[in-house]
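J.: Line order of the protein sequences matches chains A and B.
Residue numbering for the first sequence is 2 to 334, as defined by my numbering.
Residue numbering for the second sequence is 2 to 334, as defined by my numbering.
Ideal Cβ positions, reconstructed from N, Cα and C, are used throughout, including at glycine.
Below is a structure I'd like to ask you about.
2 protein chains.
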Amino acid sequence: MMSATDPETDIIQELFAPLTLGATGAYGLQDDVAFVKDATSGIIITQDQVIEGTHFYPNDPLDMIAKRLVRRNLSDMIAKGGQPSAAFLSLAWPKSRPKSEMYRFANGLGEDLKELCGGIPLLGGDTSTTQGPLVASLTLLGTPSAPSGEPILRSGAQVGDVIVVTGVIGDAYMARMVREGIFRGTFLQDCIEFGMAPYPPAIEIAHLIGRYANASLDVSDGLLIDALRLARASNIRIDLQLDLIPISKEAEDFPDFDYLDRVDRNIMLATGGDDYQPLMAMTQESFEAFQKQAKAFDVSVTIIGQCVEGNGLALTFDNKPVDMPLSLGWESL
Amino acid sequence: MMSATDPETDIIQELFAPLTLGATGAYGLQDDVAFVKDATSGIIITQDQVIEGTHFYPNDPLDMIAKRLVRRNLSDMIAKGGQPSAAFLSLAWPKSRPKSEMYRFANGLGEDLKELCGGIPLLGGDTSTTQGPLVASLTLLGTPSAPSGEPILRSGAQVGDVIVVTGVIGDAYMARMVREGIFRGTFLQDCIEFGMAPYPPAIEIAHLIGRYANASLDVSDGLLIDALRLARASNIRIDLQLDLIPISKEAEDFPDFDYLDRVDRNIMLATGGDDYQPLMAMTQESFEAFQKQAKAFDVSVTIIGQCVEGNGLALTFDNKPVDMPLSLGWESL
């Protein structure tokens with residue numbers, strides 16, 4: 002645990018203690034544990050890491066990497082209908098990195114906890130040094146907003162449900178490809194930053210998911226593989242209409258896609274991952290209510306498929322069957 | 002989050018899913034979050050890491066390192082009067098390490114969750130690969146046993162309280178020194194293993210701490226530095242009697258200590274760290290009840306000092322003042 006009674010831990014008091022926002026159960030990051038009082042409605046818990054060399058490059062700005070870490074977790078929390086309530090940070094910090102970089106990391110973390118997570122406190126965690134690459138693990142606690150009082154799982158989709166996604170799919174993939182020099186297209190700096198730390202939808206969407214979705218998960222490894230996971234967990238088949246996948250104007254106009262037909266382009270965007278958008282199954286009626294209410298938060302919602310009897314995933318484009326691509330997305334350990 | 006719908010994640014299903022013990026909120030490690038239902042009494046949360054190269058050697062057997070990880074956290078939980086209820090594992094796994102080592106790690110983890118933590122489930126976490134050293138972070142949830150319904154903090158010690166420690170102090174230090182070749186003494190293999198993963202006291206002790214201690218923390222960085230932390234947090238001074246520190250028969254007979262006087266020997270043992278024994282402040286009456294009830298769990302309890310007006314730490318041996326040593330223990334980031 003973080004502790005601040007030694008000179009060595011002044012840095013924790015300086016950089017991380019402000020992120021507790023004075024929450025009682027954090028004890029100012031000066032004790033050995035944190036305390037979450039009275040969680041009658043239960044606690045949803047997500048835990049995800051970012052690892053230098055695996056999830057980011059050594060020279061990436063660490064405020065953006067901290068944000069990537071928050072958003073990876075926030076994306077899971079929102080997709081499960083959870084309202085974030087507190088965070089824990091476990092940090093293996095390379096001895097060779099200067100304090101200024103830890104400052105930048107803490108800054109990015111604090112900004113996202115404030116602006117995207119609804120102002121939740123950092124309650125605790127652990128900071129140690131490492132001789133290897135930076136490893137940061139965030140634990141996010143949240144409160145279920147579903148009437149059941151439980152998280153929305155992957156396994157609740159029903160035959161007859163529509164498959165729904167928020168926002169657009171593929172922008173994070175494009176930004177990554179530009180950044181890695183694989184695509185020639187020029188991208189604005191904020192698009193590059195977006196590629197490092199894509200935005201999940203507004204946290205208010207969690208309430209709508211809790212209320213309307215039968216099943217949900219976030220698109221992190223690729224729309225197709227995540228759709229397959231939902232189908233498998235729910236024992237249904239998803240008929241996915243590739244032509245309906247919402248893509249950005251930037252993707253429509255992207256010069257590197259000129260040599261591709263629209264089917265291949267959409268498959269590329271739907272297997273790139275890092276979208277951080279919830280992929281949901283719900284009734285048609287629920288969709289209409291969801292879409293209407295999501296407008297208030299500037300969140301677009303699109304039907305991209307149907308749940309039918311069977312299992313696995315089937316793809317069409319303009320109602321014509323499309324062969325399954327070799328890779329459906331990232332299949333991480 | 003761990004997920005098991007892809008071939009790549011079969012290893013998680015094989016090695017870690019059994020550790021959920023079928024707990025509902027783990028969803029078989031096949032969803033994106035975990036769920037803790039109805040925690041009216043509140044949840045104590047600890048989070049601690051083990052990092053290859055910082056906390057252990059590359060060739061250390063990984064079952065012992067998993068145990069070290071559990072015990073680091075369990076030691077905090079017990080010292081705060083918390084009864085462990087669930088665990089989360091965040092694992093950055095080196096690509097170069099074979100599956101057999103992950104099996105060994107999972108095995109050690111499972112054994113300790115079962116045998117030392119009272120059979121608690123692994124509820125979730127995250128596993129990714131790294132090109133660097135192994136980093137594992139464990140999050141332990143627990144239920145407070147104190148009548149207040151809250152954890153026992155560092156800050157509750159009162160003038161007049163006695164300072165109490167369980168078990169013996171310094172064995173982990175000796176085992177480490179022998180292992181590193183700094184001490185010549187021959188140690189049995191199980192002592193070496195003890196050095197890698199020292200035992201906290203039985204979890205039943207958490208109930209006694211919750212009931213009787215005014216302040217408590219675990220001795221992890223060294224008895225002296227941890228005593229100083231308790232004193233500072235409580236705004237009292239601790240008069241610590243070095244001659245009263247409980248040490249093992251092995252320490253008494255240890256050939257490498259022959260050249261030291263008893264004062265210096267006890268200072269060495271009291272600054273070595275990794276003892277995983279709770280260091281507590283309580284009234285004399287509470288001590289008597291505590292000691293009596295701890296006997297049922299084969300746990301010895303020793304008074305080693307007093308809380309008085311003032312601040313900081315003062316040392317004596319056989320009632321004679323002793324100068325403060327240069328280092329009081331590990332001062333970790």
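Decide if Met2 (chain B) is buried, meaning its Cβ has at least 16 other Cβ atoms within 10 Å, or exposed.
T.: The residue labelled residue 2 (chain B) in the question sits at position 1 within the second sequence. Its pLDDT being 33, under 50, Met2 (chain B) is placed unreliably in this model, and the value from its coordinates should be taken loosely. Looking at its Cβ environment, which holds 16 or more other Cβ atoms inside 10 Å, Met2 (chain B) is buried.
J.: Pull up the DSSP beta-bridge partners for Gln48 (chain B), would you.
T.: Indexing the second sequence from 1 puts residue 48 (chain B) at position 47. Looking at the DSSP assignment, Gln48 (chain B) forms a beta bridge with B:Thr140.
J.: From this set, B:Ile305, B:Ile170, B:Gln307, B:Gly54, which residue's C-alpha is nearest Gly330 (chain B)'s C-alpha?
T.: Walking along the second sequence from the start, residue 330 (chain B) turns up at place 329. Looking at the Cα atoms, B:Ile170 is the closest of the given residues.
J.: Identify each residue in the segment 38 to 53 of chain B for which the Cβ-Cβ distance to at least one residue of chain A is less than 7 Å, and report them in chain order.
T.: Here the close residues are Lys38, Asp39, Ala40, Thr41, Gly43, Ile44, Ile45, Ile46, Thr47, Gln48, Asp49, Gln50, Ile52.
J.: Please confirm if Gln159 (chain B) has its CB atom under 8 Å from at least one CB of chain A.
T.: Taking the first residue of the second sequence as 1, we reach residue 159 (chain B) at position 158. Not one chain A Cβ lies under 8 Å of Gln159 (chain B).
J.: Does the segment 255 to 267 of chain A come close enough to the segment 194 to 213 of chain A to have 3 or more Cβ pairs within less than 8 Å?
T.: Result no; under three Cβ-Cβ pairs closer than 8 Å.
J.: What three-state label does DSSP hand Arg238 (chain B) in the structure shown?
T.: Taking the second sequence and counting its residues from 1, one reaches residue 238 (chain B) at position 237. Three-state result, Arg238 (chain B): strand.
J.: Going by C-alpha to C-alpha distance, which of A:Glu205, A:Gly157, A:Tyr58, A:Gly82 sits closest to Val136 (chain A)?
T.: In the first sequence, residue 136 (chain A) corresponds to position 135, counting from 1. When only C-alpha atoms are compared, the closest one is A:Tyr58.
J.: Three-state secondary structure (DSSP) at Phe318 (chain B)?
T.: Taking the first residue of the second sequence as 1, we reach residue 318 (chain B) at position 317. Phe318 (chain B): strand per DSSP, three-state reduction.
J.: Taking all protein chains shown into account, decide if Asn74 (chain A) is buried (16 or more other Cβ within 10 angstroms of its Cβ) or exposed.
T.: As a working note, residue 74 (chain A) is residue 73 in the first sequence. Label assigned to Asn74 (chain A): buried.
J.: Taking C-beta pairs closer than 9 Å, name the residues in chain A that Phe298 (chain B) reaches, listed in chain order.
T.: In the second sequence, counting from the first residue as 1, residue 298 (chain B) sits at position 297. Residues of chain A passing the Cβ test: none, with the nearest at roughly 22 Å.
J.: List the residues of chain B that Pro99 (chain A) touches, going by C-beta distances under 9 Å, in chain order.
T.: Here residue 99 (chain A) corresponds to residue number 98 of the first sequence, with the count starting at 1. Within chain B, no residue comes near Pro99 (chain A); the closest Cβ sits about 14 Å away, beyond 9 Å.
J.: Could you list the residues in the segment 155 to 179 of chain A with a C-beta less than 9 Å from some C-beta on chain B, going in chain order?
T.: Under the 9 Å Cβ criterion, the segment 155 to 179 of chain A contributes Arg155, Ser156.
J.: Quick check on Ser156 (chain B): does DSSP put it in helix, strand or coil?
T.: As a first step, residue 156 (chain B) must be located in the second sequence, where it is residue number 155. In this structure, Ser156 (chain B) counts as helix in the three-state DSSP scheme.
J.: Check whether the Cβ of Thr144 (chain A) lies closer than 8 Å to any Cβ atom in chain B.
T.: Residue numbering aside, residue 144 (chain A) sits at position 143 when the first sequence is read from its first letter. Output row for Thr144 (chain A): interface = no.
J.: In chain order, what residues of the same chain have a beta carbon less than 6 Å from the beta carbon of Asp113 (chain A), not counting five sequence neighbours either side?
T.: Taking the first residue of the first sequence as position 1, residue 113 (chain A) is located at position 112. Correct list, in chain order: Lys68, Val71.
J.: Just the C-alpha distance for Lys100 (chain B) and Ala228 (chain A), rounded to the nearest angstrom, thanks.
T.: In the second sequence, the residue the question calls residue 100 (chain B) occupies position 99. In the first sequence, the residue the question calls residue 228 (chain A) occupies position 227. Taking the straight line joining both Cα atoms gives about 29 Å.
J.: Pull up the distance between the alpha-carbon of Ser217 (chain A) and that of Thr144 (chain A), whole angstroms please.
T.: Counting from one through the first sequence, the residue named residue 217 (chain A) turns up at place 216. Counting from one through the first sequence, the residue named residue 144 (chain A) turns up at place 143. C-alpha separation (whole angstroms): 16 Å.
J.: Output needed for Gly104 (chain B): all residues of its chain with C-beta closer than 8 Å, excluding positions within five of it in sequence on either side, in chain order.
T.: Reading the second sequence from its first residue, position 103 is the one you call residue 104 (chain B). First, the residue type needs correcting, since residue 104 (chain B) is Tyr and not Gly in the sequence shown. Excluding positions up to five away in sequence, the list reads Leu16.
J.: With Met103 (chain A) as the anchor, note down where its beta strand (DSSP E) starts and where it stops.
T.: Walking along the first sequence from the start, residue 103 (chain A) turns up at place 102. Here Met103 (chain A) belongs to no beta strand (DSSP E); instead the alpha helix (DSSP H) covers 100 to 116.
J.: Do you know how far the Cα of Ile239 (chain A) is from the Cα of Cys308 (chain A)?
T.: Indexing the first sequence from 1 puts residue 308 (chain A) at position 307. Indexing the first sequence from 1 puts residue 239 (chain A) at position 238. Approximately 5 Å, taken between the alpha carbons.
J.: Decide if the segment 40 to 49 of chain B is in contact with the segment 36 to 43 of chain A; the criterion is three or more beta carbon pairs, one per stretch, under 8 Å apart.
T.: A contact exists between the segment 40 to 49 of chain B and the segment 36 to 43 of chain A.
J.: Please list, in chain order, the chain A residues whose beta carbon lies closer than 7 Å to that of Glu181 (chain B).
T.: Mapped onto the second sequence, residue 181 (chain B) falls at position 180. In chain order: nothing, as chain A lies at least about 17 Å away.
J.: Could you name the residues that DSSP lists as bridge partners for Trp94 (chain B)?
T.: Translated into the one-based positions of the second sequence, residue 94 (chain B) becomes position 93. Note: Trp94 (chain B) sits in a beta bridge opposite B:Thr130.
J.: Assuming Ser76 (chain A) and Pro201 (chain A) make a contact with CB atoms under 8 Å, what is their CB distance in whole Å?
T.: On the first sequence, position 75 is the one that residue 76 (chain A) refers to. On the first sequence, position 200 is the one that residue 201 (chain A) refers to. Contact flag correct, Cβ pair sits at about 4 Å.
J.: Taking 8 Å as the threshold (C-beta atoms), are Lys250 (chain B) and Ile335 (chain B) in contact?
T.: In this structure chain B extends from 2 to 334, so residue 335 (chain B) is not present and cannot be described.
J.: By alpha-carbon positions, which one of A:Gly273, A:Gln294, A:Leu327, A:Glu289 ends up nearest to Asp162 (chain A)?
T.: Numbered from its first residue, the first sequence carries residue 162 (chain A) at position 161. For Asp162 (chain A), the nearest C-alpha among the options comes from A:Glu289.
J.: Does Gln31 (chain A) come out as helix, strand or coil in the three-state DSSP assignment?
T.: Here residue 31 (chain A) corresponds to residue number 30 of the first sequence, with the count starting at 1. Gln31 (chain A) falls in the coil class under three-state DSSP.
J.: Do you know offhand how far Gln159 (chain A)'s Cα is from Thr167 (chain A)'s?
T.: Within the first sequence, the letter at position 158 stands for residue 159 (chain A). Within the first sequence, the letter at position 166 stands for residue 167 (chain A). Those two C-alpha atoms are separated by around 19 Å.
J.: Provide the residue span of the beta strand (DSSP E) that contains Leu280 (chain A), from first to last.
T.: The sequence position of residue 280 (chain A) within the first sequence is 279, counting from 1. Run containing Leu280 (chain A): 278 to 283, per the beta strand (DSSP E) assignment.
J.: Consult DSSP for Val169 (chain A) and reduce its assignment to one of helix, strand or coil.
T.: Sequence index remark: in the first sequence, residue 169 (chain A) carries index 168 (1-based). Reduced to three states, the DSSP call for Val169 (chain A) is coil.
J.: Taking the CB atoms as reference points, tell me whether Gly125 (chain A) and Leu92 (chain A) lie closer together than 8 Å.
T.: As a first step, residue 125 (chain A) must be located in the first sequence, where it is residue number 124. As a first step, residue 92 (chain A) must be located in the first sequence, where it is residue number 91. Against a cut-off of 8 Å, the Cβ pair of Leu92 (chain A) and Gly125 (chain A) comes out as no contact.
J.: I need the straight-line Cα distance from Ser328 (chain A) to Gly23 (chain B), nearest angstrom please.
T.: As a working note, residue 328 (chain A) is residue 327 in the first sequence. As a working note, residue 23 (chain B) is residue 22 in the second sequence. Whole-angstrom Cα-Cα distance: 32 Å.
J.: Would you say Lys81 (chain B) faces chain E, with C-beta separation under 8 Å as the test?
T.: In the structure shown, chain E cannot be found, because the protein chains are A and B.
J.: Could you name the residues of the segment 125 to 137 of chain A whose beta carbon sits closer than 8 Å to any beta carbon of chain B, in the order they occur along the chain?
T.: Result list: Gly125, Gly126, Asp127, Thr128, Ser129, Thr130, Thr131, Gln132, Gly133, Pro134, Val136.
J.: Say whether chain B places a C-beta atom closer than 8 Å to the C-beta of Asp77 (chain A).
T.: By 1-based counting over the first sequence, the position of residue 77 (chain A) is 76. Yes - at least one Cβ of chain B is within 8 Å of the one on Asp77 (chain A).
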